[in-house]
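Residue numbers (my numbering): 810 to 1142. In this text, a Cβ means the ideal position worked out from N, Cα and C, and glycines have one as well. Since the structure is predicted, the reported quantities are computational estimates derived from the model, not experimental observations.
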Ligand code: FAD
């Protein structure tokens, strides 16, 4: 285990070859933990045409970048990507590997961990490190979100974990004077058993950009009726923001799951999060840890959301929200 050194962030790329946000977000805790144990932070990029992503990650304070650039890695494929990372790990012996908990990361992470006979903590919401043992303290919700479990992987290396998008903020701290660039000439030797036949992009409007939103106004069961989401939408429009919701509103069929914030929905990190008619259950709060400012509007002064809120308005949402929207629209006029 003493041979294992350095912290890797696996940086996923999108169809245009750019780094997806969560990879850049993970540089932030990655840098902090690597510094704490005197090790180096490496971005690992695999794909076909990785130059754009390579340039992007430089600005995030990495000590090094490891790439594999080959046509065979053009589209994500579990078998092929697992093989590539296994080869890289066996050659370079990293101590820690962070992966974004995207669809790709959730597929890839466990496969690599199984190959390397090591542990993986999925869906972490906090990361810390023991500077003596160099064990990462992976924190994630457990038992339906009713408690937070801290997990260690003291007997195997590399230590691995996935982290949801939006938990950490991107911090472009600037490029280091010297960056160790390692372009590996690795390819897949076997027969690729899974072939991509077609790529069908999502239809416009299908996806709600909650994760990247700066302002989110979320509605809960307190709205009482699906048509009342129009009040939420009006406020979100006035702020140039996005509509979110609690799970109760989704379960009631008032709004689609793509709007849901929380443990079984999306983790968000807006500048301002406004919770309207939402009680503040622990599973909802798990999704808004990274929000800069939380404003709660609820008629029950004892609602748990007020314990998390930076500003609270105790009142009837049907009176408060339209007034707020009107005031914001007036200021803009
Ligand atoms: P309620 O708890 O019913 O709260 C409604 C609030 O509206 C109350 O506080 C009430 O005072 C207020 N209100 C009512 N009328 C008005 C009015 N006129 N004006 C102002 N305020 C008013 N929940 C999530 O949100 N996201 C998740 O991802 C999620 N994942 C879960 C995963 C698991 C495994 C489990 C077990 C639960 C999960 N939940 C999740 C559900 C969660 O426990 C709560 O049930 C849910 O968040 C409650 O939604 P709510 O706050 O809208 O409803």
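Residue i: CB within 7 angstroms of a non-hydrogen atom of ligand 1
i: residue 1058; result: yes
i: residue 1125; result: yes
i: residue 1108; result: yes
i: residue 1065; result: no
i: residue 910; result: no
i: residue 1088; result: yes
i: residue 1093; result: yes
i: residue 1080; result: no
i: residue 968; result: no
i: residue 1121; result: no
i: residue 1055; result: yes
i: residue 1112; result: yes
i: residue 975; result: no
i: residue 946; result: no
i: residue 1030; result: yes
i: residue 824; result: no
i: residue 1103; result: no
i: residue 1073; result: yes
i: residue 1191; result: In the structure displayed, the chain extends from 810 to 1142; residue 1191 sits before or after that span and is not available.
i: residue 1096; result: yes
Backbone secondary structure at residue i - three-state DSSP
i: residue 834; result: helix
i: residue 974; result: coil
i: residue 917; result: helix
i: residue 1075; result: strand
i: residue 1000; result: coil
i: residue 925; result: helix
i: residue 1031; result: helix
i: residue 1088; result: coil
i: residue 1055; result: coil
i: residue 843; result: helix
i: residue 942; result: coil
i: residue 887; result: helix
i: residue 911; result: coil
i: residue 993; result: strand
i: residue 1017; result: coil
i: residue 965; result: coil
i: residue 988; result: coil
i: residue 894; result: helix
i: residue 864; result: helix
Top-ranked residue by Cα proximity to residue i, from the options
i: residue 1003; options: 1085, 889, 878; result: 889
i: residue 897; options: 819, 919, 870; result: 819
i: residue 967; options: 992, 989, 919; result: 919
i: residue 973; options: 1058, 996, 907, 1113; result: 907
i: residue 1091; options: 1010, 1070, 851, 1083; result: 1070
i: residue 914; options: 878, 1135, 1140, 933; result: 933
i: residue 847; options: 1063, 821, 963, 943; result: 943
i: residue 1080; options: 1116, 978, 851, 961; result: 978
i: residue 892; options: 834, 1046, 1087, 999; result: 999
i: residue 834; options: 1052, 1121, 902, 1020; result: 1020
i: residue 849; options: 855, 957, 903; result: 903
i: residue 1102; options: 1078, 1085, 1108; result: 1078
i: residue 814; options: 851, 1095, 830, 827; result: 851
i: residue 946; options: 1085, 1111, 842; result: 842
i: residue 1074; options: 1086, 1093, 1062; result: 1093
i: residue 885; options: 856, 866, 1087, 1054; result: 856
i: residue 1117; options: 1045, 937, 1107, 873; result: 1107
i: residue 1023; options: 986, 990, 1045; result: 1045
DSSP bridge partner residues for residue i (one or two, in chain order)
i: residue 983; result: 869
i: residue 1024; result: 1081
i: residue 956; result: 951
i: residue 1062; result: In the DSSP output, where bridge partners are listed per residue, residue 1062 has none listed.
i: residue 933; result: 972
i: residue 816; result: 850, 905
i: residue 822; result: 828
i: residue 878; result: 856
i: residue 1070; result: 1075
Boundaries of the beta strand (DSSP E) in which residue i is found, first to last residue
i: residue 852; result: 850 to 856
i: residue 950; result: 945 to 951
i: residue 1105; result: 1102 to 1107
i: residue 1122; result: 1120 to 1123
i: residue 1005; result: First-last for residue 1005: undefined, no H or E at that position.
Opening and closing residue of the alpha helix (DSSP H) in which residue i lies
i: residue 1043; result: 1038 to 1048
i: residue 1129; result: 1126 to 1141
i: residue 1114; result: 1114 to 1117
Any non-hydrogen atom of ligand 3 closer than 7 angstroms to residue i Cβ
i: residue 1062; result: Ligand 3 is not part of this structure, which contains only ligand 1.
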